[in-house]
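Residue numbers (our numbering): 211 to 449.
Right, one structure below, let's go through it.
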């Protein structure tokens with residue numbers, strides 16, 4: 211009986227030991243699985259963060275490229291010194307206004323503007339002073355012509371302005387206002403005695419104008435007449 215009891219106790223001990231080993235094995239296996247799962251979750255999180263960073267960098271890159279494209283286009287269409295539309299842009303805007311007028315029958319006026327004796331300003335006070343004069347005249351044009359009008363620099367000291375939906379009579383009043391405003395520009399940073407004036411050739415769209423060149427040519431001819439008649443004046447077609 212004692213031997214049988216000892217065998218029973220030994221068997222129980224073996225069962226208990228086996229159970230403990232199984233529990234220990236299961237625990238270690240579970241821990242290994244948990245560690246593997248944590249590593250997998252960490253790797254997944256890193257991948258997701260990397261994907262997010264890549265998406266953000268891609269979006270930023272696209273925005274930068276779009277900005278640069280817009281910036282380059284703006285620079286290609288803008289006069290660097292005066293920040294006005296350059297000749298190419300100014301003529302394109304004027305031609306657009308011509309097509310609109312031919313479609314709707316709505317008139318517009320065009321001003322050819324030239325700074326008087328500009329070469330003498332450069333020769334007497336230097337190119338830097340000449341640049342300042344150009345900038346001040348450009349600013350004055352923008353302020354005097356109003357929000358609907360646009361003006362561009364089309365040559366060294368030459369400007370072209372378009373006044374949409376503006377008749378010749380109204381445009382002449384605006385041109386005189388501009389001429390007077392330029393005459394009052396304060397150029398004391400250069401020389402208190404320096405005064406700048408402009409001559410303006412003014413014309414209006416007609417239904418016979420099928421190209422912009424016709425209108426610009428008329429304005430240039432009137433500008434030339436203003437120069438011949440003493441400068442610092444506005445010349446318009448005879449009524």
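Where is the CB? At the ideal position from N, CA and C, for every residue including glycine.
Owing to the predicted nature of the structure, the values given are computational and were not obtained by experimental measurement.
What span of residues does the beta strand (DSSP E) with residue 363 cover, start to end? 360-363
Quick check on the DSSP output: what are the complete beta strand (DSSP E) runs of length 3 or more inside the segment 390-431, in order along the chain? 408-414
Secondary structure of residue 316, DSSP reduced to three states: coil
By DSSP, does residue 373 sit in helix, in strand, or in coil? strand
Per DSSP, residue 324 forms a beta bridge with which residues? 368, 409
Determine the DSSP secondary structure at residue 288, reduced to helix, strand or coil. strand
Following the continuous alpha helix (DSSP H) through residue 348, name the residue where it begins and the one where it ends. 337-355
Within 10 Å of its beta-carbon, does residue 273 have 16 or more other beta-carbons around it, so buried, or fewer, so exposed? exposed
Nearest residue (CA-CA) to residue 399, options 338, 357, 267: 338
From residue 219 to residue 229, what distance separates their C-alpha atoms? 15 Å
Excluding five sequence neighbours on each side, which residues of the same chain lie with their C-beta closer than 6 Å to the C-beta of residue 342? none
Can you have a look at residue 369 and say buried or exposed, based on whether 16 or more other CB atoms are within 10 angstroms of its CB? buried
Own chain residues within Cβ distance below 6 Å of residue 304, not counting five before or after: 372, 422
According to DSSP, what are the bridge partners of residue 444? 410
Can you tell which of 377, 367, 432 has the C-alpha that lies nearest to the C-alpha of residue 291? 367
Counting only the same chain and skipping the five closest in sequence on each side, list residues whose C-beta sits under 6 Å from that of residue 300. 362, 364, 370
Does the beta-carbon distance from residue 381 to residue 414 come in below 9 Å? yes
Rounded to a whole number of angstroms, what is the C-alpha to C-alpha distance between residue 268 and residue 340? 46 Å
Are residue 411 and residue 386 close, meaning C-beta to C-beta below 9 Å? no
Return the residue from the list 416, 428, 407 that minimises the CA-CA distance to residue 312. 416
Taking Cβ to Cβ, would you say residue 317 is nearer than 9 Å to residue 376? yes
Measure the beta-carbon distance from residue 429 to residue 320 and round it to whole angstroms, keeping in mind my assumption that it falls under 8 Å. 5 Å
Comparing alpha-carbon positions, which option in 433, 407, 448 lies nearest residue 379? 448
Evaluate residue 402 with the Cβ neighbour count: other Cβ atoms within 10 Å of its Cβ, from every protein chain shown; 16 or more gives buried, anything less gives exposed. exposed
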